[in-house]
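In order, the protein sequence lines correspond to chains Y and H.
Using the UniProt record's numbering, the letters of the first sequence correspond one by one to residues 1 to 338.
Using the UniProt record's numbering, the letters of the second sequence correspond one by one to residues 1 to 338.
Comments concern the structure below.
There are 2 protein chains.
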Amino acid sequence: MATLSDVARRAGVSPATASRVINGSSKPVTEELRERVLQAVAELQYVPNAHAQLLARSHRGAVGVIVHDVSDPYFSEITRGLQRVATDQGRLLMICNSYRDPERELEYVELLRGQQVAAIVLAGSGYHDADFTRLLNGKLAAYEATGGRVTVIGRHEHSGDAVMPDNRGGGGLLGRELCRLGHEHIGVVAGPRVLTTITDRLTGLRAALAEHGLGLPEHRIRYADFDRDGGAEATAALLDAEPGLTAIAALNDSMAIGALALLRARAVPVPQQVSVFGFDDMPMARDVTPALTTVRLPLVEMGARAMALALDPGAASPRVESLAAELIRRDSTGPAPR
Amino acid sequence: MATLSDVARRAGVSPATASRVINGSSKPVTEELRERVLQAVAELQYVPNAHAQLLARSHRGAVGVIVHDVSDPYFSEITRGLQRVATDQGRLLMICNSYRDPERELEYVELLRGQQVAAIVLAGSGYHDADFTRLLNGKLAAYEATGGRVTVIGRHEHSGDAVMPDNRGGGGLLGRELCRLGHEHIGVVAGPRVLTTITDRLTGLRAALAEHGLGLPEHRIRYADFDRDGGAEATAALLDAEPGLTAIAALNDSMAIGALALLRARAVPVPQQVSVFGFDDMPMARDVTPALTTVRLPLVEMGARAMALALDPGAASPRVESLAAELIRRDSTGPAPR
DNA sequence: ATCACTCACGATAACGTTTTCGGTGGCGGT
DNA sequence: ACCGCCACCGAAAACGTTATCGTGAGTGAT
C-alpha cells in the first residue's frame, strides 16, 4: 500500500507538502511542486489511509445508524431519508443491523463509539425491558459525554433528540375508521408485545374503539413475529378461534400482507367478508391485491429529519419532532357485512 | 473521550499492560493488575479507538460492499447473504449505495480502499461503457496489488473471483415458457440497455424464441427505468403501439409489478388477455395478485457465496461460481388467448 | 547594504494503539 | 553465594496522517 511518504519521496518533497496539496489547500504550495505531487499520486495510485487521517485530525466524519434490518422496507425507507441528508452534508453513513437483538444493539453502540462517529441514530421500536434500557442509556450517556450526538427514531426511552411517528394517533385513525365502517368483530394481528411501537399503536386503537363503546378483549389480539409470516400465522389463529371476525387490523404492512395471503389461501373474500388494515404504508402496500388500506407514516421524512437533528450541533435542550400519521384508504377495506 | 493512557494511569499501570489485558490475551498479566485495569475500563466507560487500532496492527477487518441501492429488494436479498457470512466471520460490513452512478462507484472504491477494507464486493450489473470499465478495473487492480480482494456479483468486466447468476439461461427459461404457452405477440419491458444484465437476459430470451422460429423485433422492446414506474411506463408504451400483445416479459420483478399495476388500471385481465412474466423472484412476487410467474435467482445464496469467496484468501486463479436460474410458475401467466 | 518581513517549505510533535525489546524481580540449581 | 532462567512489566518505536513551528531564501523599503 502506497503511503504518503512514498508519494513525497517520489515527488522529491516532504510529507508535509504532499499532505498540503492532497488536502486540497489550506496552505499555499508552488505550482511546480503541486504538479509533481499530483503526478506521484496518480502514478502510485495513492489513496490516503482514512484511519490515519481520522486519527490525526480528530474530525469525526461518519455517522452511525442502528436499525433492525435494512432489508425490511420500513427501515429501507427510513435509511433512504437518512442517507439523503447525510451524503448531502458529505457524511459517510455506517449502517448496522441489530435484527432486534438487544445484545447486538449494545455491541453496535460500542462499535460505533469506537469508530468515532459524530452521531448515532437509533431507529426502530424500543423495548419494554427496564434492564436493557438502563444499560443502553448508560452507554449512550457515556457517548454523549464525550461530545457524541444521539438521535432516536420512535423510541421513548432516550431523553435526547428524537423524531417520533405518532403511533398512538395512527392507532386512533385505525380505530375510528373501523367504527366508521361499522366493524364490531375486530381481530388484531400484532407484533411482539415487548416493542413499544406495538403497545403505542394498540393503546391508540383501543382508545378510539372505546370512544364508540367498543372493547378490545385480549383474546382478539394475537402477538407474532413482526413480518409477513407472523401475520399469516396470527391471522390463522384468530380466524380459527373466532370465525365471525369482519376485520383484521395488522400492526404493520408486512403482517397485513401475510394476512391477505392467508385469506386468499382460505378463499375468504376481501373486503366483502373480511376487511384488512395495514400500518406504515410501505411502497408495496399499493401493489398487493386488493390494495392495502393502511396508516401512512412519513418514513423517508422521518429519516431525513432525524439526520438533520443529529448533524445540527445546536440546541442543548432535547428536541422532539412529532410526525403525524395519515389514513390511506384503498381496496382492502369496506363496510362490515351483516 | 477516555483513552488507553487514561485507563492505564487510573489503574496505575503502563499503557502496554492495559492494552494486553484489554486485547484479551497474548501475553500473561498478573491477576491483580488485570483486575485493576478492568475496573478502570468500566469506570471510564473506555472504548478503544478503532482507527488507532486499525492503524497500529494493520489488520484489515472490515469488508466493503457496493450495491445499487439497499432499498431495492434485489440488493436487500443479496446484502442479507453477504451480511450473514460476514458477521459469522466477525467482519464488519460497510454498505455503499452507488445508485447506479458510475462516478459514485469509482468514488466508493477509493473510499473503501482508504478504509483499508479486506475485500470489496461489487454487486449488480455492469455497464456497456468501455471507458468506465477501464477506469474501474484500474482502480480495482491497484487495490488488489496491495493485497485487497475483489469479488463481483453478476459483472463480466472484472477478471477476478465472481459469482454469476445465469442471466442468459434465465432468459432462455422465459423464452421457452412463452413458446410452451403459445405466445407469439410478446412485448419486452426492459431496463436501461447500458446494463449488461439486461442484454444478457435479452440474448437468452431471443435465442430461445429463435429456437421456436420466433423473432424479437426491436420495436417490441421498451427500455425504461429498472423499477416499478419504469415498468408501468414501458408497458403503456408497448400496449399503445401494439394492442394485440398477449404477453409482457418484464426483465425484473419490480418492472413486472409496474406492468401489473398498469394493466389493472386499464382493466386488462391477467392472465386471460395478457400474461405477465417477471425476473428475479423477489419476496414480493408471491404477494401481488395475480401472483407473479418469474425466473428465480438465488439472491441470498449469491451474496453468501460472494462473501465466502471474498474472505477466503486461497486460489490465485480466479474462481467463478455460476448459479442457475429457475422458472417459478404462478398465476400471472397462462396460455395465449386466440 | 542592512533590516524587517513575507513566503514557501521541511522538521517534528502529536493522534491512540499495538508490539518488540529490554529490564526488573524472584526462583531453583550447583 | 552466584548464575542463569523465567515471568512479568514498562519504555519506546512503530502505524500514516495532520498541524504547529521554525528556517531559509527571497522581496521591498530604508
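Quick reminder that beta carbons are idealized off the backbone N, C-alpha and C, glycines included.
Nearest-angstrom Cα distance between residue i and residue j?
| i | j | result |
| --- | --- | --- |
| H/Q273 | Y/V320 | 53 Å |
| H/Y143 | H/R149 | 8 Å |
| H/D331 | Y/E218 | 38 Å |
| Y/E35 | H/P48 | 39 Å |
| Y/D281 | Y/T133 | 29 Å |
| Y/L178 | H/Q39 | 57 Å |
| Y/P165 | Y/S125 | 11 Å |
| Y/T3 | Y/Y46 | 7 Å |
| H/H156 | H/A316 | 18 Å |
| Y/M284 | Y/V21 | 49 Å |
| residue 396 of chain H | H/E43 | There is simply no residue 396 of chain H to check, as chain H begins at 1 and stops at 338 in what is shown. |
| H/R264 | H/R57 | 60 Å |
| H/H158 | H/A247 | 35 Å |
| Y/I95 | Y/Q83 | 10 Å |
| H/S19 | H/R60 | 19 Å |
| Y/L195 | Y/N252 | 13 Å |
| H/T87 | H/G81 | 10 Å |
| Y/I221 | Y/L262 | 17 Å |
| H/T289 | Y/V288 | 6 Å |
| H/V37 | Y/A119 | 28 Å |
| Y/S5 | Y/V41 | 11 Å |
| Y/R228 | H/A123 | 27 Å |
| Y/Y99 | Y/D69 | 6 Å |
| Y/R193 | Y/F226 | 10 Å |
| Y/V117 | Y/G258 | 38 Å |
| Y/M1 | H/A141 | 12 Å |
| Y/L214 | Y/L299 | 31 Å |
| Y/A224 | Y/G231 | 7 Å |
| Y/Y127 | Y/S322 | 20 Å |
| H/D131 | H/A145 | 21 Å |
| H/H212 | Y/P73 | 41 Å |
For residue i, which residues does DSSP report across the bridge?
| i | result |
| --- | --- |
| Y/I221 | Y/V188 |
| Y/I248 | Y/G187 and Y/V276 |
| H/L181 | Partner(s): none; H/L181 has no beta bridge. |
| H/G148 | Looking at the DSSP assignment, H/G148 forms no beta bridge with any residue, so it has no partner. |
| Y/Y127 | Y/L195 |
| Y/D161 | Y/T151 |
| Y/S322 | Y/M164 |
| Y/R176 | Note: Y/R176 sits in no beta bridge, so no partner. |
| H/L122 | H/I66 and H/V152 |
| Y/T293 | Y/F277 |
| H/I328 | H/T294 |
Are the CB atoms of residue j and residue i within a distance shorter than 8 Å?
| i | j | result |
| --- | --- | --- |
| H/R91 | H/L311 | yes |
| Y/A210 | Y/L202 | no |
| Y/L93 | Y/K139 | no |
| H/A52 | Y/L55 | yes |
| residue 339 of chain Y | Y/T294 | The structure shown does not extend to residue 339 of chain Y, since chain Y spans only 1 to 338, so no value can be given for it. |
| Y/G334 | Y/L181 | yes |
| H/A304 | H/V29 | no |
| Y/L260 | Y/G187 | no |
| H/G170 | H/A208 | no |
| Y/L309 | Y/T151 | yes |
| H/A250 | H/V276 | yes |
| H/I153 | H/M302 | yes |
| Y/D200 | Y/R168 | yes |
| H/V121 | H/A241 | no |
Hey, out of the options, whose CA is closest to residue i's CA?
| i | options | result |
| --- | --- | --- |
| Y/N97 | Y/A190, Y/G182, Y/P269 and Y/Y108 | Y/Y108 |
| H/A336 | H/T289, H/G204, H/E184 and H/A256 | H/E184 |
| H/G175 | H/A50, H/I95, H/E326 and H/P313 | H/E326 |
| Y/L136 | Y/I221, Y/D69, Y/D101 and Y/R193 | Y/D101 |
| H/A291 | H/V270, H/D200 and H/V300 | H/V270 |
| H/G314 | H/M1, H/A50, H/G24 and H/G147 | H/G147 |
| H/R10 | H/P73, H/H212 and H/L33 | H/L33 |
| H/G278 | H/P243, H/A241, H/L173 and H/M1 | H/L173 |
| H/S71 | H/R329, H/L216, H/S254 and H/R266 | H/S254 |
> Does the stretch 63 to 73 of chain H come close enough to the stretch 112 to 122 of chain H to have 3 or more Cβ pairs within less than 8 Å?
Replying inline: yes
>> Check whether the stretch 68 to 80 of chain Y and the stretch 3 to 15 of chain H are in contact - that is, three or more C-beta pairs closer than 8 Å.
In response: no
> Counting pairs of beta carbons, one from the stretch 234 to 248 of chain H and one from the stretch 152 to 166 of chain H, are three or more of them closer than 8 Å?
Replying inline: no
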